[in-house]
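*Asks:* I have a structure here, written as structure tokens, and I will follow up with some questions on it.
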Amino acid sequence: MKKDLLKQSFQKTIRSFKISLPTMLGILLLIGLLNTGWQGYYERIFTGNVFLDPLIGALTGSVSFGIPIVSYVVGGELLEQGVSLLAVTAFIMAWATVGVAMLPLEAKFLGWRFALVRNAVNFVFAIVIAILTVYTI
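All the letters of the sequence shown, read from the start, carry residue numbers 1 to 137 under the numbering used here.
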């Protein structure tokens, strides 16, 4: 009985993976292209404005994609280029929590409403947490 359930679960997992594989590959290829194009422009798009920089940081972090540990390296490079800590904190928070590039895949499995609300809430909180973090330090 347990072997049958395990076998059925495994087969369902394989079918789900086969269905989502084309979408995942397309998204990953697009992300690779976008990240390569963005890398040279990060230090140019920040204005130095205390009110605009967290928004710009959250926006660029939202459309960037990668594992969170890479965001720390990018954040360190941005700090060395003179980008404010507020902007870098918003960037890292959005990078780790908002997934604009993965939105179609997330919506496919969890629904558009959930995916949009989750990303919107995380975007707003990336800015709020960045402000609270920097002013707490």
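Think of the CB as a built atom: it goes at the ideal place given N, C-alpha and C, for glycine as much as any other residue.
Quick one, which of S9, I129, G48 and I127 has its alpha-carbon nearest S84's?
*Replies:* G48
*Asks:* Could you spell out the range, first to last residue, of the alpha helix (DSSP H) harbouring F131?
*Replies:* Sequence inspection shows Ile at residue 131; the Phe mentioned does not correspond to that position. Start and end: W112 to T136.
*Asks:* Restricting to Cα atoms, I'd like to know which of V50, Q11 and R44 is closest to T89.
*Replies:* V50
*Asks:* Indicate the three-state DSSP secondary structure (helix, strand or coil) for G61 in the structure shown.
*Replies:* helix
*Asks:* With contact counted as at least three CB pairs below 8 Å, one residue from each stretch, are the stretch 10 to 29 and the stretch 51 to 60 in contact?
*Replies:* no
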